[in-house]
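Participant:
Chains as they are written, first to last, in the working numbering: chain H, 1 to 342; chain D, 343 to 684.
Quick look at the structure:
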């Protein structure tokens with residue numbers, strides 16, 4: 001069987017250039033591309049591209065266990081893709097690997113026609129290339145404005161956050177704190193903006209003292225949770241369920257009762273949240289549906305349809321971790337008056 | 343064959359109540375609904391609901407000719423729906439008909455499982471019912487926030503408007519006017535907000551004198567176009583291609599040359615725009631793709647997937663109606679200095 005190496009040898013160019021030429025990469029001249037294609041045809045190269053291959057690239061999230069965030073995203077995608085004859089590779093990725101090779105090379109070498117990207121952050125090395133890469137790509141919870149080869153799937157953070165804050169407001173909470181992951185992620189930034197907008201809609205002021213942002217879940221929760229409680233937060237919104245789980249641990253350690261002393265709301269609705277004690281009130285992301293929509297969006301791109309985004313609703317699931325606002329200890333009475341506007 | 347009337351007579355209730363009960367409408371009590379369903383089953387009623395029926399309701403837009411806006415929206419939807427065994431009825435609608443009966447009754451009587459709604463405005467009589475109706479419904483260019491049975495499809499006005507304004511900015515235009523349809527339509531309001539945001543991003547001020555908003559295309563164009571030109575607009579953005587066509591007519595009447603005296607940009611990319619003289623620069627809405635996405639969104643709702651919206655990109659198609667900004671006549675020189683910030 002003729003390989004990329006055979007074509008490369010015949011033309012006296014590198015294997016990766018052959019691969020780029022065959023995958024229509026933009027950094028190969030049109031003339032060279034034609035030459036590569038003609039040589040490949042002449043030598044009887046059938047290529048991997050005759051196979052239907054897609055990949056799911058995963059970074060910054062677990063996916064192997066059913067209780068991990070990425071699991072159902074991948075399941076939803078593959079449930080749709082496999083019956084239609086696609087081979088789907090799931091490839092874990094990190095920043096180092098992105099520095100070693102370009103996105104276009106990675107895709108060309110794997111023979112992938114398109115990709116579904118999970119967990120990429122705005123500071124990833126490939127982000128710059130995503131602005132111009134001519135490879136049909138769907139990003140979960142991320143968005144590349146300039147590039148028509150890229151589409152986005154995600155949940156409606158604005159609706160979800162508004163429901164969450166309104167729920168707390170109706171329970172009498174006025175001092176609402178947040179525990180958030182780093183805001184250099186597109187989705188966490190959006191979710192935080194949605195929180196600010198929801199607070200404004202409820203006539204509540206955001207108190208800087210009640211905002212705890214940090215990268216490492218356990219560490220930043222340990223640092224900020226006691227501070228938020230001390231400063232009089234009667235409710236804490238977490239940017240994700242993992243932070244809510246960590247908040248529970250801290251609350252148990254400090255004998256802070258949920259929801260009597262403090263109400264907690266998560267975001268994601270991971271399977272575990274229904275079995276926590278008390279069960280966690282959280283904003284639902286239907287990850288199976290998101291995975292399916294990811295596949296649909298990729299099919300649109302592969303079919304030349306100029307899709308921009310698919311958004312699912314993010315409804316609040318009310319369980320036991322939210323209750324009426326508790327009266328706060330004396331020391332925060334003065335501060336408590338700040339955030340009580342209606 | 344047993345009919346709705348037979349069931350109504352047996353139960354001593356109206357036909358429309360039977361219909362509501364069978365279609366799960368929210369204004370029939372659970373007890374009555376059960377009774378209706380049991381009676382229907384007992385009498386051997388098979389019902390229209392055993393057929394797969396959808397409808398496309400059209401208001402405020404032409405759709406019968408290929409050059410009309412609604413044509414490809416409907417084509418895209420039916421191209422997807424028919425191979426999957428759906429019967430699709432296209433029903434033109436007006437406000438009077440909406441006053442005569444409720445949306446739920448209309449859907450129940452037609453035996454429709456879901457609907458794709460085109461051209462509805464925020465002041466439509468059914469809008470209020472859309473907040474609570476439990477019928478899978480996809481709206482083109484409209485959005486009902488509160489109701490999980492409703493999803494939305496449309497184009498990215500923000501991206502489209504930004505490209506259009508930036509294009510004019512790069513051609514040296516600083517006094518950009520608009521001819522817009524009424525802002526009580528969800529999409530025109532969004533498109534206008536997108537225009538404001540795009541102007542701000544380019545460092546341009548919006549001059550009230552250069553804004554012409556009106557319902558009737560020919561009438562409002564005749565009224566505002568001369569005013570905008572007189573006030574020194576070197577470019578005019580239209581909210582839709584029909585307005586751009588009307589603007590051409592006015593320009594010919596007044597010997598205003600396009601693009602030498604004024605640049606014109608439309609929105610929609612109707613088939614006719616490529617054959618205008620000069621061919622119209624416009625923002626593209628891929629209506630065939632929008633119709634397909636409408637069908638996909640409706641399938642999501644029917645399958646219980648909590649979809650919120652599908653958005654397509656709206657790229658600018660540059661043709662002959664835009665060119666470098668012309669020097670304006672003396673009388674507007676003073677005003678011209680207002681909008682020239684960078």
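We put the CB at the ideal spot given by N, CA and C, even for glycine.
Applying a beta-carbon distance threshold of less than 8 angstroms, which residues of chain D neighbour residue 145 of chain H?
Facilitator: Result: 501.
Participant: Where does residue 362 of chain D sit, in a helix, a strand or coil, going by DSSP?
Facilitator: Here residue 362 of chain D sits in helix by DSSP.
Participant: Along the alpha helix (DSSP H) that carries residue 495 of chain D, what are the first and last residues, could you check?
Facilitator: Note, residue 495 of chain D: premise wrong, no alpha helix (DSSP H); beta strand (DSSP E) at 492–497.
Participant: Is it right to say residue 26 of chain H is buried, meaning 16 or more other beta carbons lie within 10 angstroms of its own, or is it exposed?
Facilitator: Exposed: under 16 other Cβ atoms inside 10 Å.
Participant: For residue 253 of chain H, which option in H:321, H:222, H:33, H:103 has the closest C-alpha, if you only look at C-alpha atoms?
Facilitator: Ranking H:321, H:222, H:33, H:103 by Cα distance to residue 253 of chain H puts H:222 first.
Participant: Starting from residue 251 of chain H, trace the alpha helix (DSSP H) both ways and give me its first and last residue.
Facilitator: Taken as a continuous stretch (DSSP letters only), the alpha helix (DSSP H) holding residue 251 of chain H covers 241–253.
Participant: Would you tell me roughly how many angstroms separate the C-alpha atoms of residue 200 of chain H and residue 386 of chain D, rounded to the nearest one?
Facilitator: Roughly 55 angstroms between the two C-alpha positions.
Participant: Quick one: is residue 138 of chain H near chain D, going by C-beta distance under 8 angstroms?
Facilitator: Taking Cβ atoms only, chain D never reaches closer than 8 angstroms to residue 138 of chain H, which makes this a no.
Participant: Taking residue 418 of chain D as the reference, give the member of D:649, D:513, D:627 with the closest Cα.
Facilitator: When only C-alpha atoms are compared, the closest one is D:627.
Participant: State the CB to CB distance for the pair residue 57 of chain H and residue 91 of chain H, rounded to an integer number of angstroms; the pair is presumed to be in contact (CB under 8 angstroms).
Facilitator: With 8 angstroms as the limit, residue 57 of chain H and residue 91 of chain H qualify as a contact, their Cβ atoms being about 5 angstroms apart.
Participant: Nearest CA to the CA of residue 573 of chain D: which residue from D:632, D:457, D:551?
Facilitator: If we check each option's Cα against that of residue 573 of chain D, D:551 comes out closest.
Participant: Can you name the start and end residues of the beta strand (DSSP E) that residue 308 of chain H belongs to?
Facilitator: It spans 307–312 - the beta strand (DSSP E) in which residue 308 of chain H sits, taken as one unbroken run.
Participant: What does the Cβ neighbour count give for residue 333 of chain H, buried or exposed, with the cut at 16 atoms within 10 Å?
Facilitator: With a pLDDT of only 43 at residue 333 of chain H, under the threshold of 50, the placement of this residue in the model should not be trusted; the figure read from the coordinates follows. Label assigned to residue 333 of chain H: exposed.
Participant: Which class does residue 405 of chain D belong to by DSSP, given the choice of helix, strand or coil?
Facilitator: Reduced to three states, the DSSP call for residue 405 of chain D is coil.
Participant: Out of D:393, D:401, D:350, D:409, point me to the one whose CA is closest to residue 380 of chain D's CA.
Facilitator: It is D:350.
Participant: Exposed or buried, what is residue 682 of chain D when buried is set at 16 or more other beta-carbons lying within 10 Å of its beta-carbon?
Facilitator: Residue placement at residue 682 of chain D cannot be trusted, given a pLDDT of 43 that sits under 50; the coordinates are not used to answer.
Participant: Which complete alpha helix (DSSP H) runs does the stretch 506–570 of chain D hold, if anything under 4 residues is left out?
Facilitator: Within the stretch 506–570 of chain D, the complete alpha helix (DSSP H) runs of at least 4 residues are 528–543.
Participant: Given this structure, state the Cα-to-Cα distance separating residue 525 of chain D from residue 534 of chain D, to the nearest angstrom.
Facilitator: C-alpha separation (whole angstroms): 8 angstroms.
Participant: Does residue 601 of chain D pass the burial test, meaning 16 or more other C-beta atoms within 10 Å, or should it be called exposed?
Facilitator: Classification for residue 601 of chain D: buried.
Participant: If I measure Cβ to Cβ from residue 292 of chain H and keep anything under 6 angstroms in the same chain, skipping five residues before and after, which residues do I get?
Facilitator: Closer than 6 angstroms at the Cβ level, and outside the excluded window around residue 292 of chain H, lie 76, 80.
Participant: Bridge partners for residue 235 of chain H per DSSP, in chain order?
Facilitator: DSSP, once it has assigned bridges, lists H:176, H:263 as partnering residue 235 of chain H.
Participant: Looking at the unbroken beta strand (DSSP E) that takes in residue 345 of chain H, where does it start and where does it end?
Facilitator: With chain H covering only 1 through 342, there is no way to say anything about residue 345 of chain H.
Participant: Sort H:108, H:175, H:265, H:310 by Cα distance to residue 19 of chain H and report the nearest one.
Facilitator: Answer by Cα proximity: H:108.
Participant: Beta-carbon within less than 8 angstroms of residue 54 of chain H's beta-carbon, same chain only, minus the 5 sequence neighbours each way: which residues are those?
Facilitator: Only 81, 86, 87, 88, 89, 112, 113, 114, 115, 116, 298 meet the Cβ criterion.
Participant: What residues from the stretch 288–312 of chain H come within 8 angstroms of chain D, judged by C-beta to C-beta, listed N to C?
Facilitator: Result list: 289, 292, 293, 296, 300, 305, 306, 307, 308, 309, 310, 311, 312.
Participant: Taking DSSP as the reference, what is the three-state secondary structure of residue 134 of chain H?
Facilitator: Residue 134 of chain H: coil per DSSP, three-state reduction.
Participant: Would you list, in chain order, the members of the stretch 601–628 of chain D that have their beta-carbon closer than 9 angstroms to a beta-carbon of chain H?
Facilitator: So the list reads 626, 628, given in the order they occur along the chain.
Participant: So which residues on chain H does residue 490 of chain D lean against when the C-beta distance must stay under 8 angstroms?
Facilitator: What residue 490 of chain D touches in chain H: 313, 315.
Participant: Residue 149 of chain H and residue 301 of chain H - do their beta-carbons sit closer together than 8 angstroms?
Facilitator: A contact, by the Cβ cut-off of 8 angstroms.
Participant: My parser needs the alpha helix (DSSP H) runs of 4 or more residues fully inside the stretch 609–648 of chain D; what are they?
Facilitator: Counting whole runs of 4 or more residues, the stretch 609–648 of chain D contains the alpha helix (DSSP H) stretches 629–644.
Participant: Can you tell which of D:613, D:558, D:483 has the C-alpha that lies nearest to the C-alpha of residue 531 of chain D?
Facilitator: For the residues D:613, D:558, D:483, the minimum Cα distance to residue 531 of chain D belongs to D:483.
Participant: Going by the beta-carbon positions, is the gap between residue 632 of chain D and residue 495 of chain D smaller than 8 angstroms?
Facilitator: Taking 8 angstroms as the Cβ cut-off, residue 632 of chain D and residue 495 of chain D qualify as a contacting pair.
Participant: Of the residues H:103, H:305, H:139, which one's Cα is nearest the Cα of residue 128 of chain H?
Facilitator: Closest option to residue 128 of chain H, Cα to Cα, is H:103.
Participant: Taking just the CA atoms, how far does residue 462 of chain D sit from residue 629 of chain D?
Facilitator: The straight-line gap from Cα to Cα measures roughly 16 angstroms.
Participant: For a contact meaning CB atoms closer than 7 angstroms, what does residue 498 of chain D contact in chain H?
Facilitator: Within chain H, the residues near residue 498 of chain D are 308.
Participant: Does any C-beta atom of chain H lie closer than 8 angstroms to the C-beta of residue 681 of chain D?
Facilitator: Bear in mind that a pLDDT of 44 at residue 681 of chain D, under 50, signals an unreliable position, so the model cannot answer this.
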